[in-house]
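Student:
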Amino acid sequence: MYFKLLNKMINQVSYDIETIDGLRHLTITPVNQPIPGGNYYSTGVFKLSDGVVGMGDITFDEQMDEWEYDGIDALTLDEAAEIADFIRNYKDPENADPGLL
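Numbering (the numbering used here), first residue to last: 24 to 124.
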């Protein structure tokens, strides 16, 4: 299922979070799909990585109200909630280009 970009995160973003294991420098990559007409729609999936190490995905529902984290022991629920709030409230700079991923 694809839905119109509600969250305004088009390009990947760096995010630093203090975890129980220490400071992590994460990359959050939105999974956006091109559609006819040059528009992009969000799948609601955001891939998390620490360098080259994948840390799972945060997946939102269509309204960006509910989310799930599928990483196994990579982040605590509170840490994942902090990242989900960041994603939910993030706004890309004006004229961000999804093709730059």
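We put the beta carbon where it would ideally sit given N, CA and C, even for glycine.
Please tell me whether Thr50 and Ser72 are closer than 8 Å, where the distance is taken between their beta carbons.
Tutor: Taking the sequence shown and counting its residues from 1, one reaches residue 50 at position 27. Taking the sequence shown and counting its residues from 1, one reaches residue 72 at position 49. In contact: Thr50 and Ser72 (Cβ atoms closer than 8 Å).
Student: How big is the Cα-Cα spacing for Val76 and Asp88?
Tutor: For the purposes of this step, residue 76 is identified with residue 53 of the sequence shown, where counting begins at 1. For the purposes of this step, residue 88 is identified with residue 65 of the sequence shown, where counting begins at 1. Going from the Cα of Val76 to the Cα of Asp88 covers about 27 Å.
Student: Once the 5 residues before and after Ile126 are set aside, which same chain residues still bring their CB inside 7 Å of it?
Tutor: Past the boundaries of the shown model lies residue 126; the chain is included only from 24 to 124, so the question cannot be answered.
Student: Whose C-beta lies closer than 7 Å to the C-beta of Tyr38 among residues of the same chain, with five residues either side of it excluded?
Tutor: Position 15 of the sequence shown, counting from 1, holds the residue named residue 38. Leu49, Ile51, Ile106, Phe109.
Student: Less than 6 Å between C-beta atoms, sequence neighbours within five positions excluded: which residues of the same chain meet that for Ala97?
Tutor: Taking the first residue of the sequence shown as 1, we reach residue 97 at position 74. For Ala97, where only same-chain residues beyond five positions count, the Cβ hits under 6 Å are Met78, Gly79.
Student: In the structure shown, what three-state DSSP assignment does Glu91 receive?
Tutor: Counted from its first residue, the sequence shown places residue 91 at position 68. Reduced to three states, the DSSP call for Glu91 is strand.
Student: Check each candidate in Glu102, Glu85, Gln86 and name the one with the smallest Cα separation from Tyr92.
Tutor: The residue labelled residue 92 in the question sits at position 69 within the sequence shown. Ranking Glu102, Glu85, Gln86 by CA distance to the CA of Tyr92 puts Glu102 first.
Student: CA-CA distance, Phe83 and Gly67?
Tutor: Translated into the one-based positions of the sequence shown, residue 83 becomes position 60. Translated into the one-based positions of the sequence shown, residue 67 becomes position 44. Each residue's alpha carbon lies about 5 Å from the other.
Student: Taking C-alpha atoms, which residue in Tyr113, Glu117, Ala104 lies nearest to Thr42?
Tutor: Against the sequence shown, residue 42 aligns to sequence position 19. Minimum Cα distance to Thr42 is reached at Ala104.
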